[in-house]
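Undergrad: Quick one: the structure is below, and I'll ask about it shortly.
Number of protein chains: 2
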Amino acid sequence: MAVYTEVTDGDLDRFLEQYDVGRALSCKGIAEGVENSNFLVTTDTGPLILTLYEKRVARGDLPFFLGLMDHLASRDIPCPTPIRGRDGESLRELAGRPAALIAFLPGMWPRRITAHHCDRLGTALAHLHDAGRDFAMTRRNTLGLADWRPLFAQCADHADRVHPGLAEELDTALRDLEARFPDTLPTGVIHADLFPDNVFFLRDEISGLIDFYFACTDFLTYDLAVCVNAWCFESRGEFNLTKARRLMSGYRAARDLSPAEMAALPVLAQGAAIRFLLTRLYDWVNTPEGALVRPKDPLEYLHKLRFHRSVEDPRAYGLE
Amino acid sequence: MAVYTEVTDGDLDRFLEQYDVGRALSCKGIAEGVENSNFLVTTDTGPLILTLYEKRVARGDLPFFLGLMDHLASRDIPCPTPIRGRDGESLRELAGRPAALIAFLPGMWPRRITAHHCDRLGTALAHLHDAGRDFAMTRRNTLGLADWRPLFAQCADHADRVHPGLAEELDTALRDLEARFPDTLPTGVIHADLFPDNVFFLRDEISGLIDFYFACTDFLTYDLAVCVNAWCFESRGEFNLTKARRLMSGYRAARDLSPAEMAALPVLAQGAAIRFLLTRLYDWVNTPEGALVRPKDPLEYLHKLRFHRSVEDPRAYGLE
Numbered sequence: 240m241a242v243y244t245e246v247t248d249g250d251l252d253r254f255l256e257q258y259d260v261g262r263a264l265s266c267k268g269i270a271e272g273v274e275n276s277n278f279l280v281t282t283d284t285g286p287l288i289l290t291l292y293e294k295r296v297a298r299g300d301l302p303f304f305l306g307l308m309d310h311l312a313s314r315d316i317p318c319p320t321p322i323r324g325r326d327g328e329s330l331r332e333l334a335g336r337p338a339a340l341i342a343f344l345p346g347m348w349p350r351r352i353t354a355h356h357c358d359r360l361g362t363a364l365a366h367l368h369d370a371g372r373d374f375a376m377t378r379r380n381t382l383g384l385a386d387w388r389p390l391f392a393q394c395a396d397h398a399d400r401v402h403p404g405l406a407e408e409l410d411t412a413l414r415d416l417e418a419r420f421p422d423t424l425p426t427g428v429i430h431a432d433l434f435p436d437n438v439f440f441l442r443d444e445i446s447g448l449i450d451f452y453f454a455c456t457d458f459l460t461y462d463l464a465v466c467v468n469a470w471c472f473e474s475r476g477e478f479n480l481t482k483a484r485r486l487m488s489g490y491r492a493a494r495d496l497s498p499a500e501m502a503a504l505p506v507l508a509q510g511a512a513i514r515f516l517l518t519r520l521y522d523w524v525n526t527p528e529g530a531l532v533r534p535k536d537p538l539e540y541l542h543k544l545r546f547h548r549s550v551e552d553p554r555a556y557g558l559e
Numbered sequence: 240m241a242v243y244t245e246v247t248d249g250d251l252d253r254f255l256e257q258y259d260v261g262r263a264l265s266c267k268g269i270a271e272g273v274e275n276s277n278f279l280v281t282t283d284t285g286p287l288i289l290t291l292y293e294k295r296v297a298r299g300d301l302p303f304f305l306g307l308m309d310h311l312a313s314r315d316i317p318c319p320t321p322i323r324g325r326d327g328e329s330l331r332e333l334a335g336r337p338a339a340l341i342a343f344l345p346g347m348w349p350r351r352i353t354a355h356h357c358d359r360l361g362t363a364l365a366h367l368h369d370a371g372r373d374f375a376m377t378r379r380n381t382l383g384l385a386d387w388r389p390l391f392a393q394c395a396d397h398a399d400r401v402h403p404g405l406a407e408e409l410d411t412a413l414r415d416l417e418a419r420f421p422d423t424l425p426t427g428v429i430h431a432d433l434f435p436d437n438v439f440f441l442r443d444e445i446s447g448l449i450d451f452y453f454a455c456t457d458f459l460t461y462d463l464a465v466c467v468n469a470w471c472f473e474s475r476g477e478f479n480l481t482k483a484r485r486l487m488s489g490y491r492a493a494r495d496l497s498p499a500e501m502a503a504l505p506v507l508a509q510g511a512a513i514r515f516l517l518t519r520l521y522d523w524v525n526t527p528e529g530a531l532v533r534p535k536d537p538l539e540y541l542h543k544l545r546f547h548r549s550v551e552d553p554r555a556y557g558l559e
């Protein structure tokens, strides 16, 4: 739940005057997203999303993110299209923050995940990877393999307070990953954060993929591993093989995995688990008491990491 | 900022099937309001507000609140109209909570209050009081004079931790109010919580009065006193006489005040100040650390109480 910056009606009117979208009829902060401030603006011409970029998003990355959304939307990926002002620009300032006006996408993110959702997600992810192939810009994954060790170092001293033995367990898992993580696999634009609240469905079909603010250039199969973690575990930690199978088959129906990609899946899934475990741990130990946003439980990802470390054979993920 | 209850797409679809409003295209939690969970739902037929009533609103009061909104809307007061289902009912259950679908009101609440806003507010408040005269139901003000002493008793022990000497100062102020509060004044339906975030403006005119969940039957002039406190002080505590004058003249243009009402204004304003001071103090000492909603500063209302206790003559509020 997040609105960090207030927008006055006068500032909003002056902002919208730079676009051909009509005048504001209302502007309501949306209680979703933890990185930016998002508003649902209605105008004479319909609903729009207004995003104010807060400090966790680097300004220098915004042209990549907005350019990528523009590119993917032009390739029929149902993702938010940045709206250009009369000057051709989609990025400007509002209330002292970088800000963009974005087309409204219908749909709701699924609160109860079904195997059908996983199937549609898999296909949409493969289409996204395919559509990103001719996107000209690149962005290093700033939460990739090389970044996990420094991130761990910033919170290792507090890890055992969160869970006894966690620091040593993470150190071992990181050492293994540093030794075994693949060097070369098919690479391209990945979403890198495709959790259920970033995927809208309407009448059982995907109507929107949102929140591209972790998108980067990395192994395509790593994106699939992020989705395995985010979509295929039940709330009590059980791995749901049916969902994983449907995610894999949905993906492979649109883009097949090479034998090297399949073989790498267990170690990529461990990497994806440790990436979210580390950022959650960092937030957990660095969120001041009384903060408006409650940090997510890092231990959920410790259980996922342990599961993937127990997997010997990629067929455990429903690959055939 | 508040969404306390999650609504699944399936539950929402089944809920909307009971109305003639089309099917849901999206549903986004709104980061406003601290008492209930509010969602902006878009359907084929346009935007709607979905409110889930959380535990701070008594279920037994909901027919009064919804009936009042219905009544006022039928008298052309720009307030949220509860939408009736095919069964004629506007109140039903969703996600285990009482829930109502409410017409969408355009406009934004003013972040920077001007004297013009106060003028329009005054007139709208008088119209609301006038339109409420033939509303048949009544509701006792559960945060009125008789309730302040018990509320104070629940947080008196912690008051001095918030501000040294606060307990004694409040005790004195309460004793004075108990002795001097009027017994009889023109009475009717009041909003009782008409803060700027409950008043929408569009193109400098009022487009909506919202959040009737403190509405009750009480002295009409007490409602004006609540507005004096909420609209006529600057953020550093200065009383803005120009704004108060415009509020008063805007009100009196539509409904004049009797000599008794004018004479009572200083003590009503003290009462209105102590009501918000006490509920904020209660929330301040009872909000657990790390809560999602940050309690509002009670001391803002201590300064307002002190101001009103220094007022001898109601002309200090801009009355002529």
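Chains as they are written, first to last, in my numbering: chain X, 240 to 559; chain F, 240 to 559.
Backbone N, C-alpha and C fix where the C-beta goes; we use that ideal spot for every residue, glycine too.
When the Cα atoms are used, what is the spatial distance from Asp-252/F to Leu-441/X?
TA: Within the second sequence, residue 252/F is the residue found at index 13, counting from 1. Within the first sequence, residue 441/X is the residue found at index 202, counting from 1. Their Cα atoms are separated by approximately 11 Å.
Undergrad: For a quick check, are the C-beta atoms of Leu-255/X and Val-401/X less than 8 Å apart?
TA: To locate residue 255/X, count along the first sequence from 1; it is residue 16. To locate residue 401/X, count along the first sequence from 1; it is residue 162. No, the pair does not count as a contact, with Cβ atoms beyond the cut-off.
Undergrad: Am I right that Ala-270/X and Ile-269/F are in contact with their C-beta atoms under 8 Å? What's the rounded C-beta distance?
TA: By one-based count along the first sequence, residue 270/X stands at place 31. By one-based count along the second sequence, residue 269/F stands at place 30. That pair is a contact at about 6 Å.
Undergrad: Please list, in chain order, all residues of the same chain as Ala-511/F whose beta carbon is under 7 Å from its beta carbon, the five residues on each side excluded.
TA: For the purposes of this step, residue 511/F is identified with residue 272 of the second sequence, where counting begins at 1. Closer than 7 Å at the Cβ level, and outside the excluded window around Ala-511/F, lie Tyr-461, Ala-464, Val-465 and Asn-468.
Undergrad: Report the partner residues of Thr-290/F according to the DSSP bridge assignment.
TA: Counting from 1 along the second sequence, the entry for residue 290/F is found at position 51. Asn-277/F and Ala-339/F, per the DSSP bridge assignment.
Undergrad: Determine whether the Cβ of Leu-279/X lies closer than 8 Å to any Cβ atom of chain F.
TA: What you label residue 279/X is simply residue 40 of the first sequence in a count that begins at 1. Yes, because at least one Cβ of chain F sits closer than 8 Å to the Cβ of Leu-279/X.
Undergrad: Taking Cβ-Cβ distances shorter than 8 Å, what residues in chain X pair up with Pro-345/F?
TA: As a position in the second sequence, residue 345/F is number 106, starting the count at 1. Correct list: Leu-264, Ser-265 and Thr-281.
Undergrad: In the structure shown, what three-state DSSP assignment does Lys-267/F receive?
TA: Locating residue 267/F in the second sequence gives position 28, counting from the first residue. The answer is strand: DSSP assigns Lys-267/F an E or B state.
Undergrad: I want to know whether the segment 356 to 363 of chain F touches the segment 486 to 496 of chain F - three or more CB-CB distances under 8 Å.
TA: yes
Undergrad: Can you list, in chain order, the residues of its chain whose CB lies under 7 Å from that of Ser-446/X, leaving out five sequence neighbours each side?
TA: Counting from one through the first sequence, the residue named residue 446/X turns up at place 207. So the list reads Pro-317, Leu-344, Pro-345, Gly-346, Phe-439 and Phe-440, once near-sequence residues are dropped.
Undergrad: Out of curiosity, what's the CA-to-CA distance linking Ala-508/X and His-547/X?
TA: As a first step, residue 508/X is located in the first sequence; it is residue number 269 there, counting from the start. As a first step, residue 547/X is located in the first sequence; it is residue number 308 there, counting from the start. C-alpha separation (whole angstroms): 6 Å.
Undergrad: Using a Cβ-Cβ distance under 8 Å, would Glu-332/F count as near chain X?
TA: To locate residue 332/F, count along the second sequence from 1; it is residue 93. No, Glu-332/F lies away from the interface with chain X (no Cβ there is under 8 Å from its Cβ).
Undergrad: Along chain F, which residues have their Cβ under 8 Å away from the Cβ of Glu-271/X?
TA: For this step, residue 271/X is matched to residue 32 along the first sequence. Correct list: Lys-267 and Gly-268.
Undergrad: Answer yes if the segment 468 to 485 of chain F comes into contact with the segment 384 to 400 of chain F, meaning at least three C-beta pairs across the two stretches below 8 Å, and no otherwise.
TA: no
Undergrad: Measuring CB atoms only, is the segment 396 to 410 of chain X touching the segment 308 to 324 of chain X, in the sense that at least three cross pairs come out at less than 8 Å?
TA: no
Undergrad: Helix, strand or coil, according to DSSP, for Val-428/X in the structure here?
TA: Working through the first sequence from its first residue, we reach residue 428/X at position 189. If DSSP states are grouped into helix, strand and coil, Val-428/X belongs with the strands.
Undergrad: With contact counted as at least three CB pairs below 8 Å, one residue from each stretch, are the segment 411 to 427 of chain F and the segment 326 to 342 of chain F in contact?
TA: Not touching, per the Cβ criterion.
Undergrad: Going along chain X, which residues have a C-beta under 9 Å from Asp-248/F?
TA: The residue you call residue 248/F lines up with position 9 of the second sequence. Going along chain X in sequence order, the residues near Asp-248/F (Cβ under 9 Å) are Gly-346, Met-347, Trp-348, Pro-349, Arg-350, Arg-351, Phe-440 and Leu-441.
Undergrad: When the Cα atoms are used, what is the spatial distance from Thr-518/X to Leu-384/X?
TA: The count along the first sequence starts at 1 and reaches residue 518/X at position 279. The count along the first sequence starts at 1 and reaches residue 384/X at position 145. Spanning the alpha carbons of Thr-518/X and Leu-384/X requires a straight line of approximately 13 Å.
Undergrad: Name the residues in the segment 281 to 295 of chain X whose C-beta lies less than 7 Å from a C-beta of chain F; which are they?
TA: Thr-281 and Pro-286
Undergrad: Kindly confirm or deny that the segment 280 to 296 of chain F and the segment 289 to 304 of chain X touch, where touching means at least three C-beta pairs closer than 8 Å.
TA: As far as the Cβ criterion goes, the segment 280 to 296 of chain F does not touch the segment 289 to 304 of chain X, which means the pair count is below three.
Undergrad: In chain order, which continuous runs of the beta strand (DSSP E) of length 3 or greater are located wholly inside the segment 284 to 333 of chain F?
TA: 285 to 291 and 331 to 333
Undergrad: I want to verify the contact list: residues of chain X whose CB lies under 9 Å from the CB of Glu-245/F, in sequence order.
TA: The sequence position of residue 245/F within the second sequence is 6, counting from 1. Result: Arg-350.
Undergrad: Quick one: Cα of Lys-535/F to Cα of Leu-367/F, how far?
TA: By 1-based counting over the second sequence, the position of residue 535/F is 296. By 1-based counting over the second sequence, the position of residue 367/F is 128. So the two alpha carbons sit approximately 27 Å from each other.
Undergrad: For Arg-545/X and Ala-338/F, I'd like the C-alpha separation in whole angstroms.
TA: The count along the first sequence starts at 1 and reaches residue 545/X at position 306. The count along the second sequence starts at 1 and reaches residue 338/F at position 99. Cα to Cα, Arg-545/X sits roughly 42 Å from Ala-338/F.
Undergrad: Taking Cβ to Cβ, would you say Tyr-452/X is nearer than 8 Å to Glu-274/X?
TA: Here the question's residue 452/X lines up with position 213 in the first sequence. Here the question's residue 274/X lines up with position 35 in the first sequence. Their beta carbons are under 8 Å apart, which means Tyr-452/X touches Glu-274/X by this criterion.
Undergrad: Where are the alpha helix (DSSP H) runs, 4 residues long or more, that stay fully inside the segment 408 to 481 of chain X, in chain order?
TA: 459 to 470, all fully within the segment 408 to 481 of chain X.
Undergrad: Going by DSSP, what residue range makes up the alpha helix (DSSP H) through Gly-249/X?
TA: Position 10 of the first sequence holds residue 249/X. From DSSP, the alpha helix (DSSP H) with Gly-249/X extends over 248 to 255.
Undergrad: What are the start and end residues of the alpha helix (DSSP H) that includes Asp-358/X?
TA: To locate residue 358/X, count along the first sequence from 1; it is residue 119. Residues 354 to 370.
Undergrad: Rounded to whole angstroms, what's the CA-CA distance from Asp-300/F to Ala-503/X? Just pull it up for me.
TA: Along the second sequence, one-based indexing puts residue 300/F at 61. Along the first sequence, one-based indexing puts residue 503/X at 264. Spanning the two alpha carbons is a distance of roughly 60 Å.
Undergrad: In whole angstroms, give me the CA-to-CA distance for Ser-549/F and Leu-486/F.
TA: Sequence index remark: in the second sequence, residue 549/F carries index 310 (1-based). Sequence index remark: in the second sequence, residue 486/F carries index 247 (1-based). So the two alpha carbons sit approximately 20 Å from each other.
Undergrad: Does the beta-carbon of Gly-371/X have 16 or more other beta-carbons within 10 angstroms, so that it is buried, or is it exposed?
TA: Walking along the first sequence from the start, residue 371/X turns up at place 132. Gly-371/X should be labelled buried.
Undergrad: Out of Pro-319/F, Thr-247/F, Pro-498/F and Pro-321/F, which one is the CA nearest neighbour of Glu-559/F?
TA: Here residue 559/F is taken as the residue at index 320 of the second sequence, counted from 1. When only C-alpha atoms are compared, the closest one is Pro-498/F.
Undergrad: Between Pro-537/F and Pro-435/F, how many whole angstroms is the CB-CB distance? I'm expecting something under 8 Å.
TA: Against the second sequence, residue 537/F aligns to sequence position 298. Against the second sequence, residue 435/F aligns to sequence position 196. Pro-537/F to Pro-435/F, Cβ: 19 Å. No contact.
Undergrad: Establish whether the CB of Asp-436/X and some CB of chain F are separated by less than 8 Å.
TA: Within the first sequence, the letter at position 197 stands for residue 436/X. Output row for Asp-436/X: interface = no.
Undergrad: Classify Thr-281/X: buried if its beta carbon has 16 or more other beta carbons within 10 angstroms, exposed otherwise.
TA: The sequence position of residue 281/X within the first sequence is 42, counting from 1. Under this definition Thr-281/X is a buried residue.
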